[in-house]
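A.B. asks: Residue numbers (the numbering used here), protein chains in the order written: chain A, 1 to 404; chain B, 1001 to 1404; chain C, 2001 to 2404; chain D, 3001 to 3404. Note that the Cβ used here is the ideal one computed from N, Cα and C, for glycine as well.
4 protein chains.
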Amino acid sequence: MKTPTPAHAFVVDGNLDLVPRFKEQGYDAESVRKRREWLEEKLGIELPLVGQCAIPTEEMRGNIESPIGAAQMPLGLAGPLLVNGMHAQGTFYVPLATTEGALVRSYERGMVMLTRAGGVAVRVAVDQNVVSPIFRFDSVEEAAAFHAIVPDHFEEFRKAAESTTRHGRLKRVEPRASGRAVIVNFYYHTADAQGMNMIVKATEHACQWAIDAGLAPRFKVFSGLSSEKRASGFLLTGAKGKTVVAGARVAADILESYMHLTPRQVVEVWHDSVIGHLQANAIGFNAHYANGLAAMFIALGQDVANIANAAVGITDYELTSEGDLYASVTLPSLTVATIGGGTGLGTSRECLRMLGCTGAGHAAKLAEIVAATLLAGELSMAAAIGSGEFVSAHETYGRNRPKA
Amino acid sequence: MKTPTPAHAFVVDGNLDLVPRFKEQGYDAESVRKRREWLEEKLGIELPLVGQCAIPTEEMRGNIESPIGAAQMPLGLAGPLLVNGMHAQGTFYVPLATTEGALVRSYERGMVMLTRAGGVAVRVAVDQNVVSPIFRFDSVEEAAAFHAIVPDHFEEFRKAAESTTRHGRLKRVEPRASGRAVIVNFYYHTADAQGMNMIVKATEHACQWAIDAGLAPRFKVFSGLSSEKRASGFLLTGAKGKTVVAGARVAADILESYMHLTPRQVVEVWHDSVIGHLQANAIGFNAHYANGLAAMFIALGQDVANIANAAVGITDYELTSEGDLYASVTLPSLTVATIGGGTGLGTSRECLRMLGCTGAGHAAKLAEIVAATLLAGELSMAAAIGSGEFVSAHETYGRNRPKA
Amino acid sequence: MKTPTPAHAFVVDGNLDLVPRFKEQGYDAESVRKRREWLEEKLGIELPLVGQCAIPTEEMRGNIESPIGAAQMPLGLAGPLLVNGMHAQGTFYVPLATTEGALVRSYERGMVMLTRAGGVAVRVAVDQNVVSPIFRFDSVEEAAAFHAIVPDHFEEFRKAAESTTRHGRLKRVEPRASGRAVIVNFYYHTADAQGMNMIVKATEHACQWAIDAGLAPRFKVFSGLSSEKRASGFLLTGAKGKTVVAGARVAADILESYMHLTPRQVVEVWHDSVIGHLQANAIGFNAHYANGLAAMFIALGQDVANIANAAVGITDYELTSEGDLYASVTLPSLTVATIGGGTGLGTSRECLRMLGCTGAGHAAKLAEIVAATLLAGELSMAAAIGSGEFVSAHETYGRNRPKA
Amino acid sequence: MKTPTPAHAFVVDGNLDLVPRFKEQGYDAESVRKRREWLEEKLGIELPLVGQCAIPTEEMRGNIESPIGAAQMPLGLAGPLLVNGMHAQGTFYVPLATTEGALVRSYERGMVMLTRAGGVAVRVAVDQNVVSPIFRFDSVEEAAAFHAIVPDHFEEFRKAAESTTRHGRLKRVEPRASGRAVIVNFYYHTADAQGMNMIVKATEHACQWAIDAGLAPRFKVFSGLSSEKRASGFLLTGAKGKTVVAGARVAADILESYMHLTPRQVVEVWHDSVIGHLQANAIGFNAHYANGLAAMFIALGQDVANIANAAVGITDYELTSEGDLYASVTLPSLTVATIGGGTGLGTSRECLRMLGCTGAGHAAKLAEIVAATLLAGELSMAAAIGSGEFVSAHETYGRNRPKA
């Protein structure tokens, strides 16, 4: 551990009762236990379950600070899900961590039906991540001059950016005029990592090059345009992560047998719900991507806060000329990783293993499985609404409501 | 367990290898173990950590189906956080489950500074939840006639809705004209539960009353307008959950000492970032609510997918006439619960206990603590951007990036 | 004319060549002519057509400053349009001012078809206008206290507001929490006027009452929430002007005969276009409301800038169980007037007379005719897209493209 | 005139009283008069002013159908406005057609102040227009295959597109994945024309090439993504028309002298209003672009319905380190033309002549003048709000409110 950086350089004396750090930030099992006990004593409570931690505490370094144990969430299994992707091919059983009763059963229902229907086709259309620094100038004229030359300096930006990373690749830069400022979108390929830390650092380096070269007087590495962990219209341009599309043709009789309604009824649910989304001024259209994303992201060691951007997308249903249903989900900004972040930790690693998605070379595969899973969830929810079975299903499975 | 409901009534024979259900859906420890072993054998892998489950498997019934164990995530502690709310009063240590390095330290930094600055004032301005069924008619004329009389029938709607629940209270109904349909927002008070299952059931009952009374020919209980687990502009009207505002005045010297920048610099970060958000066509404005929400929701047994709606809000910074900073977060649709859902399970219950938020009567208190925590995170992030320390902080703490 | 107000109190000497004001602001014919000649001489050009003004220049006072004549736009006639509204009943011929070739013919085609199909049903569901002042406080606590009591003071707000106007009626006030500020929506009924000046003045008075009563320390009468002359999601709540719905059932054979496509094809165009709108993160969904609104607003002396809010809405198409088409438009924020503004001037008054909409008591009627007209335009455009005739129609009628 | 196209091929007999077309669609003065008289007789009213038309009726062909005369709107003059653009350089007097009292005076105030402050710098950052056809496939796999090869066929698309036009230039094509469809943005340079008819025709041709080449089975030339005459987030990407930025530094004493408030107060108005816009879920941020756009577009023969897209943008105010104000407007999708459309007609041509913007080679100049004008309007409005003079100014100038 190096010298404390500014991020924690506040004075620890005074009358505040700070959380104990212990030696080397306290990641050994003893320190973790003592920190937990410090809290138990302070509050006069006991925390036996938090201490039952399957992740070796030393491995938590780099993923969390001031650890006191682990949070646990029930883990269920949904499948089989037949995926016909470019990267994911075959039948999968998907681990879902949730406390929402009926969720696993609902996704399972969609998966089984899709598998019977021939499986889910999935394609990754775009694979990138973006950082959007803002350069500020003293006048509109200077900003415009910079705006005009940004593309010409791509090679210098690229060299400066890539000098900081072995994995990130700068693909292109796009300037956006904004008053006397210019926001520049730096688009990267980040391989199998979510990669934000990597590309923020690379971008900072590239921006600093521009400052040193006299192209601009000052910058901030974040403008907010990139929409990391936020919902925005910009994400629909395929800005962040992988743009993934999953689709399936479901024969009318299969739909009827599993979901108890006709293709036309599903299209009607879509119609009514699109109207509702338009009335809500929602971004995109979906029934409940967030449910599937949360359950998978928690299980699989993904950055769970990325739900905010990954849940932006569009679900579509069409009646085919043969009277069947064609269902699809388009996910423009799906941020998943198989290396870095929480992907190597404890149960996350085991869950990634269930999908054959551990380590380098598997992020696109994981993205395809996630998209196929979300399609299953969308279909199941649309059917529950259309057939009027939503409430009864939750009555049966979701017994977790308050007792009295 | 009653007769199988439609939600899982598909035939389990055939050539698909379904996940084993076992007796009574298989929640006993033996069934959970056998289900896990079934998967291990099928995939030829081992899942020892998934099996180390601190939650008694029988207690999972109603929260998950086909359980195979538990997912674990590192749990860290951030504080002290002094909260001056109407419901939460005093100093708190907040459990955060995350795998994003530097996150806990970042929130802690904000909390300590806010505590030194005198604490965070928090108020719950609105407390409601909403379901938005759609009634379809054969013509615009009929829809308009229904639209006009909806308010007159509030009492009947209320009686029908409340006949299904002991906790939900229907507060008002608001019709919205939409072609030859009418969407009606049913606003409820759901006490300490997130309450969606409860109020969806109640609303279905109320809608059925309208059908039986001959007021409308047909309805669907979901139109999509309510924006459950989705980001939308509608949420800014305070539609879902609690509308909570947290604010604090931070003296310039305290800000400088903890964050290494001036109030004016924070306001400048806000300015640049607002421009970026406008350019992105984002909903609301915030730096990273989703990070704090995800970390708390996972730790505290909340419905994690609700991040999608809860992360909609507005962070504001102002320079006071005395040269200090006034910082605030406005969260129009914060959905939290202290009863129902995952709140009673294993580590979640322990984490709620850390905050004194277990059981009935504590949801508003929890909402206030969440809002205060998010304010701490916003300030810390804004400062990291403004002072240029974002990358260096992540270099120090976020050692979880891919090895090579 | 009273003492010069601050709005034009800058010093007119100096070296700037200001536009001549002349005596009493120069609305007499002589002054208008001299002002025009001043410009002609200055620029060395001639402006004979601008001077051919059918509006008596003295009547322009209150509608424009520094007049030099009139702008003219071609005026066409589209109809017959059979309207079955609550206020508009019968067949109308609609004046459209435009320079976009094919526009009048396109609307006419839709109107004739709708008339043959039995006419357009129209209903005004909501009739209001809104001003959204912002009250700022020193802390979240004080703002929350004000937020809580706003509804209790409705009667005082009403009295103060209505003391300034004989036409505006304050219907309700709705506070919205926003950091240490509170935005309050003041909803009015403005009868047959667009009414913004009227209700802004009334609201300023009401806010001042709150200041004088010690309820709040300061306010600004505009917060931007009201979305006057801007597109926003808020408008979908029926915030501004009249919420109007127009719908029609079009038999398949009539559609085929006039539009050369089937109801199913129209629904398919809708489907594809909704996807495009979602991809664009548009507000609402429509083909080209702005065309019809612009053409009518210019002809009818409406405030043309209100297109920005009035063009927010949702067009819907459904296939009926009999195989016909049900088409509708929902316009949540249609701002039209028959008194005040430009409604009494020259050709505007004549155009209003064509619709039987001059003077008090006719705004709702005008709103219904506008909505029916927009429906005609939507259908004609959807059909042109679906039948592939869009380009050929513009080739025939739109000969206004650059010559070479 | 060629054979009637399908667009008006409905049968004109029957019992409907159609608007008379007369010989060759009736553009001669006699036919126009007779059409007007037909209406007068039918309605029992007189329309003397509508007939006072300064535009030779024969010239209306291609701009309107079934003409009956002209609509007139008062025309005022605002200036001087000093513009320091790349295309517009010098002092301008801007013609504004409006019936909103105080509007001209308000813009004039801003113009005079900006001129005193040294003028407005303006730059056109992007100059393009877009059409967004949608290609539909039978499966996600086929759509993905097409998505992948679109860029490879740019040259063929370009040739096919440009074969239909002498002015439009295809600059690039960008595919967007959307379920089993692919939307392709065709970006053009349209020189001095608004150009939609031109590039829609070109795009239809290019798409047809793709069909003929077997790349896709079917398409529709409009998907809605392009946001022609609609507000959307997509427009912020600089999608339609010219992306123009105008900015000016206003010394504190000049601001105070003309607007009666300090730079800090203007920034405070901005702050409050941005919060209001975020609360409204508006697109971008501005005070009233639509007012200036409407007034100029009507006067200058622009396509007035384009206000819906052109009014999307961002106004920004910053306090400089010297204590002055830096103000700017960013207009990502400003659609203006100096050839085609209504630019050659009657008073429009004269108004364009006032700005030295008639004919080819002047669209960029016009765009710069429009942007500078909008900046003047923004400043004047912000000042009126900040100084509390809004109501009093409208009391003085806007005497057009209902009489009793």
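#1: Can you tell which of C:E2037, C:T2343, C:V2124 and C:L2103 has the C-alpha that lies nearest to the C-alpha of C:D2412?
#2: Could you name the residues of chain D that B:V1250 contacts, counting a contact when the two beta carbons are closer than 8 Å?
#3: In terms of residue numbering, what span does the beta strand (DSSP E) encompassing B:V1032 cover?
#4: Among D:V3266, D:L3077, D:E3059 and D:K3042, which residue has its Cα nearest to the Cα of D:A3406?
#5: Using 8 Å for Cβ pairs, my map puts B:S1066 next to B:V1104. What's the rounded Cβ distance?
#6: Note down, in chain order, each residue of its chain lying with its Cβ closer than 8 Å to the Cβ of C:G2233, except the 5 sequence neighbours on either side.
#7: Between A:S392 and B:N1063, what straight-line distance do the alpha-carbon atoms span, to the nearest angstrom?
#8: Could you please give the first and the last residue of the uninterrupted alpha helix (DSSP H) stretch that includes C:I2385?
#9: Under the DSSP definition of a beta bridge, which residues are partnered with B:K1242?
#10: For the segment 3231-3257 of chain D, which residues have a beta carbon sitting closer than 9 Å to at least one beta carbon of chain G?
#11: Under 9 Å between C-beta atoms, does C:E2389 make it to chain B?
#12: For C:T2347 and C:A2299, I'd like the C-alpha separation in whole angstroms.
#13: Who are the near neighbours of D:I3385 in its chain, counting only those whose CB is closer than 6 Å to its CB and skipping five residues on each side?
#14: Using the three-state DSSP reduction, which class does B:I1055 fall into: helix, strand or coil?
#15: Note down, in chain order, each residue of its chain lying with its Cβ closer than 8 Å to the Cβ of B:R1349, except the 5 sequence neighbours on either side.
#16: Could you work out which residue in D:I3369, D:L3170, D:Y3187 and D:L3278 is closest to D:F3420 when comparing CA atoms only?
#17: With H, G and I counted as helix, E and B as strand and the rest as coil, what does DSSP make of A:K403?
#18: Rounded to the nearest angstrom, how far is the Cβ of A:V126 from that of D:R3123, given a contact under 8 Å?
#19: Between B:E1030, B:T1373, B:Y1107 and B:E1024, which has its C-alpha nearest B:A1121's C-alpha?
#20: Between the segment 2027-2061 of chain C and chain A, which residues of the former have a C-beta closer than 8 Å to a C-beta of the latter?
#21: C:Y2093 touches chain D at which residues, Cβ-Cβ below 7 Å?
#22: Using the beta-carbon of each residue, which ones in chain B are nearer than 7 Å to D:L3278?
#23: Please list, in chain order, the chain D residues whose beta carbon lies closer than 9 Å to that of C:R2353.
#24: Which residues does DSSP list as the beta-bridge partners of A:Y317?
#25: What's the C-alpha gap between B:E1155 and B:A1246?
#26: Considering only the beta carbon of each residue, do D:A3308 and C:A2308 sit closer than 9 Å?
#27: Under 9 Å, do B:A1371 and B:L1334 count as touching if we go by C-beta distance?
#28: Give a single yes or no on whether C:G2051 has its beta carbon closer than 8 Å to a heavy atom of the ligand PLP.
#29: So for C:A2305, helix, strand or coil by DSSP?
#30: Give me the DSSP bridge partner(s) of A:T91.
#31: DSSP three-state label for A:S178, please.
#32: Using a Cβ cut-off of 9 Å (strictly closer), state whether C:T2099 contacts chain A.
#33: Rounded to whole angstroms, what is the Cα-Cα separation between A:T98 and B:R1021?
#34: Please decide whether A:I183 counts as near chain C, where near means a Cβ-Cβ distance under 9 Å.
#35: Which same chain residues, not among the five before or five after C:I2055, have their C-beta less than 7 Å away from its C-beta?
#36: Does DSSP classify A:A206 as helix, strand or coil?
C.D. replies: Judging by the given coordinates:
#1: Past the edges of chain C, shown from 2001 to 2404, lies residue 2412 of chain C, and the structure says nothing about it.
#2: None at all; the shortest Cβ gap to chain D is about 18 Å.
#3: Element bounds for B:V1032: not the beta strand (DSSP E) but the alpha helix (DSSP H), A1029 to L1043.
#4: In the structure as shown, chain D starts at 3001 and stops at 3404, and residue 3406 of chain D therefore has no counterpart that could be examined.
#5: Actually they do not touch by this definition, with Cβ atoms about 33 Å apart.
#6: I2283
#7: 16 Å
#8: A2363 to S2387
#9: B:D1127 and B:L1334
#10: Chain labels in this structure do not include chain G; the protein chains are A, B, C and D.
#11: no
#12: 7 Å
#13: V3269
#14: coil
#15: G1301, T1343 and T1358
#16: In the structure as shown, chain D begins at 3001 and stops at 3404. Residue 3420 of chain D is therefore absent and cannot be evaluated.
#17: Below a pLDDT of 50, predicted positions are generally treated as unreliable, and A:K403, at 41, falls in that range; the measurement from the model is reported next regardless. Three-state DSSP puts A:K403 in coil, outside helix and strand.
#18: With 8 Å as the limit, A:V126 and D:R3123 do not qualify as a contact, their Cβ atoms being about 31 Å apart.
#19: B:T1373
#20: none
#21: V3019 and L3039
#22: G1284, F1285 and I1314
#23: L3043, I3045, E3046 and L3047
#24: A:A327
#25: 35 Å
#26: yes
#27: yes
#28: What this structure holds is no ligand at all, so the ligand PLP is not there to describe.
#29: helix
#30: A:L82
#31: strand
#32: no
#33: 18 Å
#34: no
#35: A2070, L2345 and G2346
#36: helix
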